[in-house]
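Beneath this line is the structure, given in structure tokens, with notes to follow.
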Amino acid sequence: MSDNTLLEKLGPFRVRFREIGQLITDPGVIRDMPRFVKLNKEYRELEQIVEAGNALEKGVKALEEAAWILEREEDRELREMASAEIEELKAKIPAWETSIKLLLVPADPEDDKNAILEIRSGTGGDEACIFAGDLFRMYARFAEARHWKMEVTNASEGTAGGFKEIVANISGNGVYGVMKYESGVHRVQRVPATETQGRVHTSAATVAVLPEAEEVDVELNPADIRKDTYCSSGPGGQSVNTTYSAIRLTHVPTGIVVTCQDEKSQIKNLARAMTELRSRIYAIERQKYLDDIASRRRTMVSTGDRSAKIRTYNYPQGRVTDHRINLTLYNLPVIMDGNIDEIIEKLQIEENMERMKESGF
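In the working numbering, the protein residues as written are 173 to 533.
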């Protein structure tokens, strides 16, 4: 695609940017808070596109002027300055073009949502539970570094440590857009603490990341939901095992069961359980969309396929391999301490390239 063609594509975005700029100063719009918030969000998104377009346009114009000087000017010093500017702009313009193309690719509307993280132990018995606990700690550290809030809603501990299953809500800026890459089967290769002969075992845990659905996303019929209460378990003081604060919701049409215990508050448990139930029902419909793109995207990122083996953590070699993009890193201790940014960034780059191809760039 030529520079001019790409710049021509920005015309409608610039017009809409000016329109919204006028609308958000209108007193009538300001009084309509839901509309005002929505327009402000669109304004900020368009602002990025317009600013990137302006930078590209100025760069292309400067390149043309420098080329004109180099072709016609006889002064050696001016020619050297023009030549240096041409080299500099030729290096910058492709980056500006890529930036614009990425901004023009429709974003996944789910990316800004909070997420529900579910980790389940798989093959490997006690070692799989311990590994599930290791993964949870990894994500907890990662969330903490990003200043996200993580709240455990339900957990079933393993007999030797870790978790048979643990579910948590993660809230913050763009949580799902980052965490969605973690859905799938995670495999660990190491010598378990219970192994007496030093043999390396392979165990697995399944990670599922769901976008948190809001009430407007899913309409639930109360008649379709069966609610059970029971005593909470685990640490929490005198009220644990004495008050019926834990909640179990069963969505009869789909058979989905959600449990939530927050030690004391039944109201708080019910609210969280309803959020998780909506998210799981919403995920069923979303999966149809994900299945559609899965066949087209080599990386299988954000497809939500829980059966796909996505990553191996090899302790003897200190190695982590992401099988979707054939990425291998030899810094396993650092990664298990929550530093998974490099892996996610490379997955995002790969997916963005594929999305650009789908959009015709």
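Beta carbons: idealized from backbone N, C-alpha and C, even for Gly. Given the structure is predicted, the values throughout are model-derived calculations rather than measurements.
query = Between the region 352 to 361 and the region 483 to 490, do at least 3 Cβ pairs fall closer than 8 Å?
reply = Touching, yes, given that three or more Cβ pairs across the two stretches are closer than 8 Å.
Distance between L179 and M322 (C-alpha atoms, nearest Å) = Residue 322 sits at position 150 when you count from the first residue of the sequence shown. Residue 179 sits at position 7 when you count from the first residue of the sequence shown. In this structure, the CA atom of M322 is about 42 Å from the CA atom of L179.
request  = Would you tell me roughly how many angstroms separate the C-alpha atoms of T378 and T295, rounded to the nearest one?
outcome  = Translated into the one-based positions of the sequence shown, residue 378 becomes position 206. Translated into the one-based positions of the sequence shown, residue 295 becomes position 123. If I take the Cα positions, the gap works out to 10 Å.
task = Identify which residue in Q433, G330, D284, K210 has its Cα closest to the Cα of K402.
result = Here residue 402 corresponds to residue number 230 of the sequence shown, with the count starting at 1. The sequence given here has Tyr at residue 402, not Lys. Across the set Q433, G330, D284, K210, the C-alpha of Q433 shows the shortest separation from the C-alpha of Y402.
task = Classify T500 as buried or exposed, calling it buried when 16 or more other Cβ atoms lie within 10 Å of its own Cβ.
result = Translated into positions along the sequence shown, residue 500 becomes position 328. Exposed, by the Cβ-count rule.
task = Leaving aside the five residues before and after L449 along the sequence, list all residues of the same chain whose C-beta is less than 8 Å from its C-beta, in chain order.
result = Mapped onto the sequence shown, residue 449 falls at position 277. The answer, listed in chain order, is L392, I397, L421, H423, I428, V430.
inquiry  = Give me the DSSP bridge partner(s) of N503.
reply    = Position 331 of the sequence shown, counted from the first residue, corresponds to residue 503. Its beta-bridge partners do not exist; DSSP assigns none.
ask   = Among all the DSSP beta bridges, which residues are the ones paired with V429?
value = For the purposes of this step, residue 429 is taken as the residue at position 257 of the sequence shown. Answer is T422.
query = Helix or strand or just coil, what does DSSP make of G193?
reply = Indexing the sequence shown from 1 puts residue 193 at position 21. Three-state result, G193: helix.
inquiry  = With the cut-off set at 9 Å, would you say V381 and L289 are in Cβ contact?
reply    = Taking the sequence shown and counting its residues from 1, the one referred to as residue 381 is at position 209. Taking the sequence shown and counting its residues from 1, the one referred to as residue 289 is at position 117. Yes.
task = Please name the residue in A385, E384, I272 whose C-alpha comes closest to that of A224.
result = As a position in the sequence shown, residue 224 is number 52, starting the count at 1. Measuring from the Cα of A224, the nearest candidate turns out to be I272.
Selection from L235, K481, R186 that minimises the alpha carbon distance to M253 = The residue given as residue 253 occupies position 81 in the sequence shown. Nearest option by C-alpha distance: L235.
key: Bridge partner(s) assigned by DSSP for E337   = Mapped onto the sequence shown, residue 337 falls at position 165. Answer is R292, S328.
inquiry  = In whole angstroms, give me the CA-to-CA distance for K399 and I419.
reply    = In the sequence shown, residue 399 corresponds to position 227, counting from 1. In the sequence shown, residue 419 corresponds to position 247, counting from 1. Near 7 Å, if we compare the C-alpha coordinates of I419 and K399.
task = Leaving aside the five residues before and after F185 along the sequence, list all residues of the same chain whose C-beta is less than 7 Å from its C-beta, in chain order.
result = Here the question's residue 185 lines up with position 13 in the sequence shown. If we look at F185 and ignore the five residues flanking it on each side, its Cβ neighbours are L218, I221, V222.
Candidates G370, K518, E229, A315: closest to D509 by CA position = By 1-based counting over the sequence shown, the position of residue 509 is 337. The candidate whose alpha carbon is nearest that of D509 is A315.
message = Between H495, I516, V277, which has its C-alpha nearest R527's C-alpha?
response = Stepping through the sequence shown from its first residue, residue 527 is reached at position 355. Nearest Cα to R527 within the set H495, I516, V277: V277.
ask   = For the 8 Å Cβ check, are there 3 or more pairs between the region 509 to 525 and the region 334 to 354?
value = With a cut-off of 8 Å, the region 334 to 354 and the region 509 to 525 count as touching, because enough Cβ pairs lie within range.
ask   = Going straight from the alpha carbon of E337 to that of H373, what length do you get?
value = Looking up residue 337 in the sequence shown gives position 165. Looking up residue 373 in the sequence shown gives position 201. Cα to Cα, the separation comes out at about 21 Å.
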